[in-house]
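J.: Read in order, the letters of the sequence shown correspond to residues 1117 to 1267 in my numbering.
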Amino acid sequence: MLVFVPLTAPELAGWADSGRHRPSAGYAVTPSLRSTFGFDPADDEDAEHTVLHIAGLASLLRGGRRLVAVVEASGTPVAGAEFGEVSVGVLGFDAVTALFADESPASAEALAALVGGRTLDVAWDDPAVAEFLADNELLWHGPTEWKSLVV
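(1) Ordered along the chain, which non-local residues of its own chain (more than five positions away) have a Cβ less than 8 Å from that of Trp1256?
(2) With Leu1118 as the anchor, note down where its beta strand (DSSP E) starts and where it stops.
(3) So, using beta-carbon positions, are Val1145 and Ala1163 closer together than 9 Å?
(4) With 16 other CB atoms within 10 Å as the buried threshold, where does Thr1235 fall?
(5) Between which two residues does the alpha helix (DSSP H) carrying Asp1156 extend?
(6) In the structure shown, what three-state DSSP assignment does Asp1218 receive?
(7) Decide if Asp1210 is buried, meaning its Cβ has at least 16 other Cβ atoms within 10 Å, or exposed.
(8) To the nearest angstrom, report how far apart Asp1242 and Gly1172 are at their CA atoms.
(9) Where Ser1264 and Ala1125 are concerned, what is the direct C-alpha to C-alpha distance, given to the nearest angstrom?
(10) Name the one or two DSSP bridge partners that Thr1268 has.
(11) So what does Glu1188 bridge to, in DSSP terms?
(12) Going straight from the alpha carbon of Arg1138 to that of Val1212, what length do you get?
What follows is the structure, encoded as structure tokens:
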């Protein structure tokens, strides 16, 4: 399964340097997420895009900017986790298939100042978050570009 791992810049640097990381959270397209957002199996691309936004918001709440690694890994859905949270073990950096980050970290930092300290579910429901997500797509980066994302 594709697991979207929210990160801080120091976590990404440590993962890339050591080759191993045990995420505090991971998100994936789970049955619970499908039910919460009304995604059918034919909606996988839209569901993955939503999970990317969820992981990005989780990262923003933890580190002030959106930074997400996508990995191919086994994950166990957390019971009742509406946002698709999954439990994963230690992940090798070689499992990272893509990295996503904000084009403009300054705008993400402004949103973080507004919603900081909130839980993911409360922040997700904030109209300012919805507007930000609609106007600010994350940029794709290859795993080898990680150094440019931790500055």
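Think of the CB as a built atom: it goes at the ideal place given N, C-alpha and C, for glycine as much as any other residue.
T.: For this structure:
(1) Cβ neighbours of Trp1256 beyond the five flanking positions: Ala1214, Leu1215 and Phe1216.
(2) First-last of the beta strand (DSSP E) with Leu1118: Leu1118 to Pro1122.
(3) yes
(4) exposed
(5) Segment: none, Asp1156 is in no alpha helix (DSSP H) and carries neither H nor E.
(6) strand
(7) exposed
(8) 15 Å
(9) 10 Å
(10) Residue 1268 lies beyond the range of the chain shown here (1117 to 1267); nothing can be said about it.
(11) When beta bridges are read from the DSSP output, Glu1188 appears opposite Leu1118.
(12) 13 Å
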